[in-house]
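Asker: Chains as they are written, first to last, in this note's numbering: chain A, 462 to 804; chain B, 462 to 804; chain C, 462 to 804. Just so it is clear, CB atoms sit at the ideal spot from N, CA and C, and this is done for glycine as well. Treat the numbers as computed from the prediction; the structure is a model and nothing was measured.
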Amino acid sequence: MNSLYGKDLITTQDWSVEELEKTLDLSFEFKANRYDHPLNNCLDRRTFFMFFYNPSVRTRQSFEAAATELGGHAQFLEPKSMRLKSAKTAGETVQDAAEVMSRYAVGIGIRILETALETYGQGDELLREYAQYATIPIVSMAHDRFHPCQGLADVMGYRMHAGKNLKGKKLVQVWAKGALVRSWSSVQESILLNSRLGMDVTLAHPKGYELDPEVIKWCEENAQRSDSTFEIVHDLEEAYKDADIVYSRNWMTSNFYDYVAKDNVDGAKSKEIQLASKYDDWICNKEWMSMTNNALFTHCGPVDRNAEVTDEVCDGPRSIVYDVAENRLHVQKAIMALTMGKQ
Amino acid sequence: MNSLYGKDLITTQDWSVEELEKTLDLSFEFKANRYDHPLNNCLDRRTFFMFFYNPSVRTRQSFEAAATELGGHAQFLEPKSMRLKSAKTAGETVQDAAEVMSRYAVGIGIRILETALETYGQGDELLREYAQYATIPIVSMAHDRFHPCQGLADVMGYRMHAGKNLKGKKLVQVWAKGALVRSWSSVQESILLNSRLGMDVTLAHPKGYELDPEVIKWCEENAQRSDSTFEIVHDLEEAYKDADIVYSRNWMTSNFYDYVAKDNVDGAKSKEIQLASKYDDWICNKEWMSMTNNALFTHCGPVDRNAEVTDEVCDGPRSIVYDVAENRLHVQKAIMALTMGKQ
Amino acid sequence: MNSLYGKDLITTQDWSVEELEKTLDLSFEFKANRYDHPLNNCLDRRTFFMFFYNPSVRTRQSFEAAATELGGHAQFLEPKSMRLKSAKTAGETVQDAAEVMSRYAVGIGIRILETALETYGQGDELLREYAQYATIPIVSMAHDRFHPCQGLADVMGYRMHAGKNLKGKKLVQVWAKGALVRSWSSVQESILLNSRLGMDVTLAHPKGYELDPEVIKWCEENAQRSDSTFEIVHDLEEAYKDADIVYSRNWMTSNFYDYVAKDNVDGAKSKEIQLASKYDDWICNKEWMSMTNNALFTHCGPVDRNAEVTDEVCDGPRSIVYDVAENRLHVQKAIMALTMGKQ
Numbered sequence: 462m463n464s465l466y467g468k469d470l471i472t473t474q475d476w477s478v479e480e481l482e483k484t485l486d487l488s489f490e491f492k493a494n495r496y497d498h499p500l501n502n503c504l505d506r507r508t509f510f511m512f513f514y515n516p517s518v519r520t521r522q523s524f525e526a527a528a529t530e531l532g533g534h535a536q537f538l539e540p541k542s543m544r545l546k547s548a549k550t551a552g553e554t555v556q557d558a559a560e561v562m563s564r565y566a567v568g569i570g571i572r573i574l575e576t577a578l579e580t581y582g583q584g585d586e587l588l589r590e591y592a593q594y595a596t597i598p599i600v601s602m603a604h605d606r607f608h609p610c611q612g613l614a615d616v617m618g619y620r621m622h623a624g625k626n627l628k629g630k631k632l633v634q635v636w637a638k639g640a641l642v643r644s645w646s647s648v649q650e651s652i653l654l655n656s657r658l659g660m661d662v663t664l665a666h667p668k669g670y671e672l673d674p675e676v677i678k679w680c681e682e683n684a685q686r687s688d689s690t691f692e693i694v695h696d697l698e699e700a701y702k703d704a705d706i707v708y709s710r711n712w713m714t715s716n717f718y719d720y721v722a723k724d725n726v727d728g729a730k731s732k733e734i735q736l737a738s739k740y741d742d743w744i745c746n747k748e749w750m751s752m753t754n755n756a757l758f759t760h761c762g763p764v765d766r767n768a769e770v771t772d773e774v775c776d777g778p779r780s781i782v783y784d785v786a787e788n789r790l791h792v793q794k795a796i797m798a799l800t801m802g803k804q
Numbered sequence: 462m463n464s465l466y467g468k469d470l471i472t473t474q475d476w477s478v479e480e481l482e483k484t485l486d487l488s489f490e491f492k493a494n495r496y497d498h499p500l501n502n503c504l505d506r507r508t509f510f511m512f513f514y515n516p517s518v519r520t521r522q523s524f525e526a527a528a529t530e531l532g533g534h535a536q537f538l539e540p541k542s543m544r545l546k547s548a549k550t551a552g553e554t555v556q557d558a559a560e561v562m563s564r565y566a567v568g569i570g571i572r573i574l575e576t577a578l579e580t581y582g583q584g585d586e587l588l589r590e591y592a593q594y595a596t597i598p599i600v601s602m603a604h605d606r607f608h609p610c611q612g613l614a615d616v617m618g619y620r621m622h623a624g625k626n627l628k629g630k631k632l633v634q635v636w637a638k639g640a641l642v643r644s645w646s647s648v649q650e651s652i653l654l655n656s657r658l659g660m661d662v663t664l665a666h667p668k669g670y671e672l673d674p675e676v677i678k679w680c681e682e683n684a685q686r687s688d689s690t691f692e693i694v695h696d697l698e699e700a701y702k703d704a705d706i707v708y709s710r711n712w713m714t715s716n717f718y719d720y721v722a723k724d725n726v727d728g729a730k731s732k733e734i735q736l737a738s739k740y741d742d743w744i745c746n747k748e749w750m751s752m753t754n755n756a757l758f759t760h761c762g763p764v765d766r767n768a769e770v771t772d773e774v775c776d777g778p779r780s781i782v783y784d785v786a787e788n789r790l791h792v793q794k795a796i797m798a799l800t801m802g803k804q
Numbered sequence: 462m463n464s465l466y467g468k469d470l471i472t473t474q475d476w477s478v479e480e481l482e483k484t485l486d487l488s489f490e491f492k493a494n495r496y497d498h499p500l501n502n503c504l505d506r507r508t509f510f511m512f513f514y515n516p517s518v519r520t521r522q523s524f525e526a527a528a529t530e531l532g533g534h535a536q537f538l539e540p541k542s543m544r545l546k547s548a549k550t551a552g553e554t555v556q557d558a559a560e561v562m563s564r565y566a567v568g569i570g571i572r573i574l575e576t577a578l579e580t581y582g583q584g585d586e587l588l589r590e591y592a593q594y595a596t597i598p599i600v601s602m603a604h605d606r607f608h609p610c611q612g613l614a615d616v617m618g619y620r621m622h623a624g625k626n627l628k629g630k631k632l633v634q635v636w637a638k639g640a641l642v643r644s645w646s647s648v649q650e651s652i653l654l655n656s657r658l659g660m661d662v663t664l665a666h667p668k669g670y671e672l673d674p675e676v677i678k679w680c681e682e683n684a685q686r687s688d689s690t691f692e693i694v695h696d697l698e699e700a701y702k703d704a705d706i707v708y709s710r711n712w713m714t715s716n717f718y719d720y721v722a723k724d725n726v727d728g729a730k731s732k733e734i735q736l737a738s739k740y741d742d743w744i745c746n747k748e749w750m751s752m753t754n755n756a757l758f759t760h761c762g763p764v765d766r767n768a769e770v771t772d773e774v775c776d777g778p779r780s781i782v783y784d785v786a787e788n789r790l791h792v793q794k795a796i797m798a799l800t801m802g803k804q
């Protein structure tokens, strides 16, 4: 039995570098042998539950395909039809739900983002509560704090296009304008994981777009341990200069939850969209890219074209967005095979 | 070909005791050999349709997992997107729907409960209309009158924890307060099936919570035939005294449909919740359990904790709720294998 | 590798007669060997995406069952949860969606009908835009213009009941009253395909129910090339006289989209229903059928009984509606096997 069997994946920060490398290795193997790998039947007739508190197409498609390719089946579940107990309503406790689901399935994926929550961190708490009671692995399919599968898919893409040794290469994680009011999850996972694996990470955003302070502290510690650098800048020139990889993506401010509380989700989104629209320069375009070290362009998708990035860059020869999207499949197969595949 | 092949399961009352025992035997075999039983590929590439007129998480999870574990696939269908003919609207007849579905699949599960119906019994009629036209088995996934899969999962749990010979043991089916306004289906199936299989069944509820008179009459006949007893009491002491198994669960009054007609579903639920809240003693707790013969505690789930049962009892050493929930999977696999598996 | 591998199917008109015959041959083979054909595992662990812009039960059931029977899995996706870019909202482009989906799956089915569109032809354009960017086949699951799978299922039914040589036999495609405001897709596919394969096709409808002029032009060209006849009549006697196959079905007027623009979908439907109700004679009944050459009755389903056809005819000995419905499964398996099955 491998050491990852039974392990939850709520953020890559919870796993050792060795465990992450093992997962990436298997992801590359699955990519090379899509339907013919020895582990390719490791979910044979097993069930994986996918809980979508928030909808998603990409994540659902790639997780369901991953289970199918391993011989299993992923059930698409929307908790709106689930009578879970809450402060206001009678229903089932997370304990009971998790205990029972553990009897039916080999793993549970959960997606829960800002618009389904009242405060930042609630989603992470819910995943950890499920993990406490479930006797099968809980895998984040993106939640308010983290998005481990995206983080691993990113790294896989960088290694495909920039080589396995990324030590000393500069990743700039740069905020972008846009009207989609994005979650922090992919961005936080990216800076955590890449600072951990030894890249020099630059986080760039306008003032007011600060991320989770605890995540920032972990990034600093990660960089120190991996003998790399982590810095935060508010200037685009500084950000793009000599970058090897550019990851341009919009995200919301930390005030989003307050806006929702005062107004509602739609009101909060309007406020965020209005605010973001002021930063006209914050788009990844040919001019900014010309300052880099012929950088790769990456994005977790879906791309908000001509807001987060111009068509020219997104469709250009250094764009790896489709490969990164594909990698979600390989990475998720590897996670499933290692944490819940038959032994 | 086995005798159950092609048979509908709308209530266990429609099957012979021998057929039920055969199903339970196979359920235990599937439990012992979850992925390795000789029948474990008996739905190989076959389709089972699940029609959820009412939503459910547990039932959907366990049926879909059951089909997957047998090598088949259960399609999750919600009839809101189905243009069925009704008194008011043009659409497809049940005849046409059932005939065509019989061409695509090997079986059809249907769930339809109070809130989708106008009068008690309509759900049962719909299942029997489907059964009339379909050339493949119809299986109840809980309807207004019955819940055969739950009934069999209950019995399997009792046998796991109290031995196969339950003759003369006392099952108390006791009403409980709570805010979930439950269907009669699980409760009626339980008293029918256990009176049939020879337990001494005591049905306990406050006056006003009477169940379907025809079901009560069948329970009396079942008890007579199986040389056991069936009684109805309105007193908790009498109910719990010397019980071997306690099944505490809320259910609605027979006025629910009238309340819906006068008001609407939400109004009817409010009325039922208000009414149920008066019976403060009707909760399964340590004190009541101390009067029993060290009884097992069971419930079909999802449990409304601290209304139907205290945490102390539900999490205590005599609680079998998670095992019973798990048994849904094994029982449903056995039903599918016997009634629609390849021969 | 067969010549159909990788090919889109948006209408049968895009395929050669030879390709269509090859598909029909395989459909008959799948019918004869439902679970045992050599190609029956050709989607082994592969994913097929089904995009339902409009809901459907029959189409979903038969496509999902088809993928299951070939060893694969069809994901049921509703684009309401997909953030696609539109004129009004930020989101993902069709290019990005199609490119990424091509990384996860072996094929994509799309259903999009009138009520999800603003003008006739938009659905066809969307399918062709997907086909432009996807590197995997796009299959129409019915769209505003065409319904190729239904067309092939129809032909298969005719050959089962009237023999393989349909040359010179008369198919009457006759409009019927009814309250379901049907799409043009099945009807247009039917007249296109059968004029192509050599039947004498008569299209019959009241004035005002004209179909797409380009489709009509193609039908005329098809008939010329296949040395058969294509005619349009507005008289029921002329229509039914000496027919070998009667396909009676309601469809909307070409004004439907204008009605929606002026009013809304419900308003437009009311207008169409009111208009259609004037044509009391336009129902397929015993009297009209008595004028035919003992014709088969067919319909793509779901049937609007006693509007499109009487019970007597629909349940009569010459009705092939259930067989045609079943053929959807066989035909779709053949299309999948040939265009996206492993080679």
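(1) At which residues does the beta strand (DSSP E) containing V694/C begin and terminate?
(2) Relative to the C-alpha of G762/C, which candidate in C775/C, T753/C, M750/C, N754/C has its C-alpha closest?
(3) Please return the same chain residues whose Cβ sits closer than 6 Å to the Cβ of H608/C, not counting the five positions on each side in sequence.
(4) How close, in whole Å, do the beta carbons of Y708/C and Q634/C come, if the pair is a contact with beta carbons under 8 Å?
(5) Under a three-way DSSP split, which group does G533/C fall into?
(6) Would a check of beta-carbon distances place T529/B closer than 7 Å to chain C?
(7) Can you pull out the residues from the stretch 749 to 766 of chain C whose beta carbon lies closer than 9 Å to at least one beta carbon of chain B?
(8) Kindly indicate the opening and closing residues of the alpha helix (DSSP H) around M617/C.
(9) Determine the extent of the alpha helix (DSSP H) in which V770/A is found, giving its start and end residues.
(10) Quick one: does V561/B have its CB under 7 Å from some CB of chain C?
(11) For E699/A, go through chain C and note every residue whose CB falls closer than 8 Å to its CB, in chain order.
(12) So, is T580/B buried or exposed, given that buried needs 16 or more other C-beta atoms within 10 angstroms?
(13) Could you pull the DSSP bridge partners for T596/C from this structure?
(14) I need the DSSP call for L578/C, collapsed to helix, strand or coil.
(15) Tell me the residue span of the beta strand (DSSP E) that contains V633/C.
(16) Which value, in whole angstroms, describes the spacing of the CA atoms of A729/B and Y514/B?
(17) On the criterion of 16 or more Cβ atoms from any shown chain inside 10 Å, does D477/A qualify as buried, or is it exposed?
(18) Which class does S646/C belong to by DSSP, given the choice of helix, strand or coil?
(19) So R789/B is in the alpha helix (DSSP H); what residue range does that whole segment cover?
(20) By DSSP, does E671/C sit in helix, in strand, or in coil?
(21) At a Cβ threshold of 7 Å, is Q536/C touching chain A?
(22) Take the Cβ of K722/C as the centre, count every other Cβ of all protein chains shown within 10 Å, and call the residue buried at 16 or more, exposed below.
(23) Excluding the five sequence neighbours on either side, which residues of its own chain have a C-beta within less than 7 Å of the C-beta of E560/A, listed in chain order?
(24) Could you please tell me which residues of the stretch 769 to 793 of chain A, in chain order, have their CB closer than 7 Å to any CB of chain C?
(25) Between Q593/C and chain B, is there a C-beta pair that is closer than 7 Å?
(26) Would a C-beta distance cut-off of 7 Å place T491/C and M511/C closer than the cut-off?
(27) Is the beta carbon of L481/A sitting closer than 7 Å to the one on T473/A?
(28) Enumerate, from N- to C-terminal direction, the unbroken beta strand (DSSP E) stretches of 3 or more residues contained entirely within the stretch 682 to 760 of chain C.
(29) Chain B beta carbons: is any one of them nearer than 7 Å to that of Y496/C?
(30) For K702/C and M660/C, which I take to be in contact (beta-carbon distance under 8 Å), what is that distance rounded to the nearest angstrom?
(31) Can you name the start and end residues of the alpha helix (DSSP H) that M562/B belongs to?
(32) In the DSSP assignment, the beta strand (DSSP E) including D661/A goes from what residue to what residue?
(33) Out of curiosity, what's the CA-to-CA distance linking D505/B and G532/B?
(34) Using 10 angstroms around the beta-carbon of Q793/C, count the other beta-carbons present and answer buried if the total reaches 16, otherwise exposed.
Answerer: Put simply:
(1) 691 to 694
(2) C775/C
(3) In its chain, beyond the 5 residues on either side, S646, S647, E650 have a beta carbon closer than 6 Å to the beta carbon of H608/C.
(4) About 5 Å; that satisfies the 8 Å criterion.
(5) It is coil, neither helix nor strand.
(6) no
(7) G762, P763, V764, D765, R766
(8) 609 to 623
(9) Neither: V770/A is in no alpha helix (DSSP H) and is coded neither H nor E.
(10) yes
(11) In chain order: nothing, as chain C lies at least about 28 Å away.
(12) Exposed, by the Cβ-count rule.
(13) Beta-bridge pairing links T596/C to no other residue.
(14) coil
(15) That run of the beta strand (DSSP E) goes 631 to 636.
(16) Going by the C-alpha atoms only, they are around 19 Å apart.
(17) Note that residue 477/A is Ser in the sequence shown, not Asp. Exposed, since its Cβ has fewer than 16 Cβ neighbours within 10 Å.
(18) helix
(19) 782 to 801
(20) coil
(21) yes
(22) It is Ala, not Lys, that sits at residue 722/C in the sequence shown. Exposed.
(23) Closer than 7 Å at the Cβ level, and outside the excluded window around E560/A, lie Y594.
(24) Y783, A786, E787, L790
(25) It does not: the Cβ of Q593/C has no partner Cβ on chain B nearer than 7 Å.
(26) Correcting the residue type first, residue 491/C is Phe in the shown sequence and not Thr. Cβ atoms of F491/C and M511/C: not closer than 7 Å.
(27) yes
(28) Counting only runs of 3 or more, we get 691 to 694, 706 to 710, 757 to 759.
(29) Output row for Y496/C: interface = yes.
(30) Contact flag wrong, Cβ pair sits at about 16 Å.
(31) Run containing M562/B: 555 to 565, per the alpha helix (DSSP H) assignment.
(32) That run of the beta strand (DSSP E) goes 661 to 665.
(33) 4 Å
(34) buried
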